[in-house]
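Numbering (this note's numbering), first residue to last: 638 to 1251.
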């Protein structure tokens, strides 16, 4: 009986273990350590956790090389790069699944040939080295089996991709149509009427005419959104009378800038160095007899004048040659004289006199600089007290009454650049301030202190004609001038159509065989676009703010037969074929993905993110 019970217990244990194993399998590809082995299944292919993590690391390294900054994997995940990597791996697995179903393989011999030809696996002799092969794979964390399986799949994918992409040709009609559009040419004639050359009698509009112009052009007289801002300001200049600058401080600053204010006598010098005294003396003799020039000597040495130019030199910087060079006249060539490179000929090109500056010459400038610095320090000392007053509820008006700050108002827009709006810091503060903000102190670039308050915001609105009178008058006159030019252009068109050609008195410019990419200076930007919309004999008037052009299309010409155009056409054909091939392959990949029905293990992804992407 006891033996029977023992046998029953063993049977029960095996049944229980089987149920546990079945539950683990059903739970989803989890090993006994509790970690998932794959992040996705695509057909009969799996994307392993290791492969996904390795590809993510490659993406990280590429991005770090591009930006020069360390980028943690958690940031890649936040940017969605992990999903991009997963999508790419799913596409690759879909192709592998398709290849597997088609039974495509490169075979062992081809695999061996590819491995032995990889430079990373070759030794110093240039031939395949088994130890190098194992060492290289070990460094990248791959076993030989994993690498060879990856290489088989990659080679098979390449075969499929090549079969899909090679031979795909876009119809020649598209290439020819684009080439014809780019290379199309036009011959045309044109007469230009410059706006500033149109003679007009200055006329004053009536009140009714000016009002009509104002009413018909509201966009010209609309004021932008305006902030009515009150502010207090304290600048270093406001405190200049409160600071004293003693003579010792002036002298100290002057002495610190001695190099700026004092400059010794200098010479502009060129130096041509020789290997020995004999060669230098021979060259000098040729100069003295008129047999050559200094420029010729420099050129004969394979040098340019810039190569021998020393710039401006002091007597001390020239060493033992200094006294002779400073005794020479401008234009003289002296030497041979010693230099740190050997005997040399020196040419004196200019003389710069010594510059001596006395303290009295720059005292006012230095005094203002020191005073401004001390005034900025006074402002810094007052800023905390003023900020406390504002925090305690003091108004800008009270601040102006009780401190050295001055009160001001401004109607500020984004175009404001005058007065206090000339400061970048003020413009930034004015742009950001709202009616709910409380005033607080801010420093400007020159050390000034400001605090501002937004009182009201005026929406975009029409500027009264009385305030815009000058602009309205200028606009009305510009319109009259343009109307006169248009009338003259229309008259030219009418006479040309009647007479069959432009008037002889007009300056007519003829262009022959221009393409769309041509550029004609001073003409309206849209002129060539208009030309290519016209039919032979058609005339048009094209205007911009600077000029008006009367156009006549004379002839439509086919594209020229140039080497550049043929090269462009060939490049365009290759680009179109490549685009078609790529589109076909992408369609194939998308179809393979759809049929492979990818299954992503979100639990595995979450575990990976928890362990590695934080």
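We put the CB at the ideal spot given by N, CA and C, even for glycine.
Values in this document were obtained by computation on a predicted structure and should not be read as measured data.
Contact belief for residue 630 with residue 973 at Cβ below 8 Å, rounded distance in angstroms: Residue 630 cannot be examined here, being either before or after the span of the chain that is shown, 638 to 1251.
On the DSSP bridge assignment, give the partners of residue 1010 in chain order. In the DSSP secondary-structure assignment, residue 1010 is not bridged to any residue.
State the CB to CB distance for the pair residue 1185 and residue 830, rounded to an integer number of angstroms; the pair is presumed to be in contact (CB under 8 Å). A Cβ-Cβ separation of about 5 Å places residue 1185 in contact with residue 830 under the 8 Å criterion.
Counting pairs of Cβ atoms below 8 Å between the stretch 1158 to 1176 and the stretch 1119 to 1128, do you hit three or more? The stretch 1158 to 1176, when compared against the stretch 1119 to 1128, does not touch it at the 8 Å Cβ threshold.
Which residue comes first and which comes last in the beta strand (DSSP E) that contains residue 946? For residue 946, the enclosing beta strand (DSSP E) has its first and last residue at 946 to 951.
Evaluate residue 755 with the Cβ neighbour count: other Cβ atoms within 10 Å of its Cβ, from every protein chain shown; 16 or more gives buried, anything less gives exposed. Under a 10 Å Cβ-count criterion, residue 755 is classified as exposed, with fewer than 16 other Cβ atoms of the shown protein chains found around its own Cβ.
Secondary structure at residue 1030, three-state DSSP: helix, strand or coil? It is coil, neither helix nor strand.
If you drop the 5 nearest sequence neighbours on each side, which residues of the same chain put their C-beta closer than 6 Å to that of residue 1046? Once the five neighbours on either side are set aside, the close Cβ partners of residue 1046 are 867.
Quick check: residue 999 and residue 983, are their CB atoms within less than 8 Å of each other? Judged by beta-carbon spacing, residue 983 lies beyond the 8 Å limit of residue 999, meaning their Cβ atoms are not closer than that value.
Rank 742, 865, 682 and 729 by C-alpha distance to the C-alpha of residue 1280 and give the top, closest one. In the structure as shown, the chain begins at 638 and stops at 1251. Residue 1280 is therefore absent and cannot be evaluated.
For residue 1064 versus residue 873, is the C-beta distance shorter than 8 Å? Taking 8 Å as the Cβ cut-off, residue 1064 and residue 873 do not qualify as a contacting pair.
Between the Cα of residue 1035 and those of 1232, 1163 and 1088, spot the shortest distance and give me the residue it belongs to. Distance check between residue 1035 and each of 1232, 1163 and 1088 places 1088 closest, using alpha-carbon atoms only.
Euclidean distance between Cα positions of residue 881 and residue 1100: Across the structure, residue 881 and residue 1100 are spaced so that their CA atoms are roughly 49 Å apart.
DSSP state of residue 759, grouped into three classes? DSSP places residue 759 in the strand class (E or B) of the three-state scheme.
Which residues in the same chain have their Cβ closer than 6 Å to the Cβ of residue 1105, if we skip the five residues on either side of it in sequence? Same-chain partners within the cutoff: 858.
Output yes or no for whether 8 Å exceeds the beta carbon distance between residue 686 and residue 730. Between residue 686 and residue 730, the gap from beta carbon to beta carbon reaches 8 Å or more.
Reduced DSSP category for residue 607 - H, G, I as helix; E, B as strand; rest coil: What the structure shows of the chain is the stretch from 638 to 1251, and residue 607 is not part of that stretch, so it cannot be assessed.
Touch test, the stretch 946 to 954 against the stretch 891 to 908, Cβ-Cβ under 8 Å, three pairs minimum: Contact between the stretch 946 to 954 and the stretch 891 to 908 is present: three or more C-beta pairs spanning the two stretches fall below 8 Å.
Beta-carbon within less than 6 Å of residue 650's beta-carbon, same chain only, minus the 5 sequence neighbours each way: which residues are those? Because residue 650 carries a pLDDT of 38, less than 50, the predicted location of this residue cannot be relied on, and the following value inherits that uncertainty. None.
For residue 793 and residue 736, believed in contact at Cβ under 8 Å, the rounded distance: Contact between residue 736 and residue 793 holds, since their C-beta atoms are separated by about 4 Å, short of 8 Å.
Secondary structure of residue 616, DSSP reduced to three states: Any property of residue 616 remains undetermined from this structure, which presents the chain solely from 638 to 1251.
DSSP three-state call for residue 1066: helix, strand or coil? Note: residue 1066 maps to helix in three-state DSSP.
Residues in the same chain with beta-carbon distance under 6 Å from residue 1146, minus the five sequence neighbours each way, listed in chain order, please. Correct list, in chain order: 827.
Residue burial classification, residue 1166 (beta-carbon count within 10 angstroms, cutoff 16): Residue burial is scored here from C-beta neighbours: residue 1166 has fewer than 16 other C-beta atoms within 10 angstroms and is therefore classed as exposed.
Excluding the 5 residues flanking residue 779 on each side, which residues of the same chain have their C-beta closer than 6 Å to its C-beta? Nothing meets the Cβ criterion.
Give the DSSP bridge partners of residue 1036, in chain order. Residue 1036 is not bridged to any residue.
Decide if the stretch 952 to 967 is in contact with the stretch 883 to 890; the criterion is three or more beta carbon pairs, one per stretch, under 8 Å apart. Output reads no: the stretch 883 to 890 does not touch the stretch 952 to 967.
Compare the C-alpha of residue 1220 against each of 805, 1148 and 746 and name the closest. When each option's Cα is compared against that of residue 1220, the closest is 805.
Inter-stretch contact at 8 Å, needing at least 3 Cβ pairs: the stretch 1204 to 1212 / the stretch 1177 to 1191: They do not touch, by the three-pair rule.
Report buried or exposed for residue 1242, applying the criterion of at least 16 other Cβ atoms within 10 angstroms of its Cβ. The residue in question, residue 1242, is buried, as its Cβ has 16 or more Cβ neighbours within 10 Å.
On the criterion of 16 or more Cβ atoms from any shown chain inside 10 Å, does residue 682 qualify as buried, or is it exposed? Around the CB of residue 682, 16 or more other CB atoms lie within 10 Å, so the residue is classed as buried.
Pull up the DSSP beta-bridge partners for residue 1056, would you. According to DSSP, residue 1056 bridges with nothing at all.
Among 1083, 1156, 717 and 1152, whose alpha-carbon lies nearest the alpha-carbon of residue 1195? Taking only the C-alpha atoms, the option nearest residue 1195 is 1152.
Tell me whether residue 819 sits in a helix, a strand or coil according to DSSP, three-state version. In the structure shown, the three-state DSSP call for residue 819 is helix.
Comparing C-alpha positions only, which one of 751, 1234, 1079 and 909 sits nearest to residue 985? Of the candidates 751, 1234, 1079 and 909, the residue whose Cα lies closest to the Cα of residue 985 is 909.
Can you tell me the Cα-Cα spacing of residue 943 and residue 890, whole angstroms? Cα-Cα distance, rounded: 38 Å.
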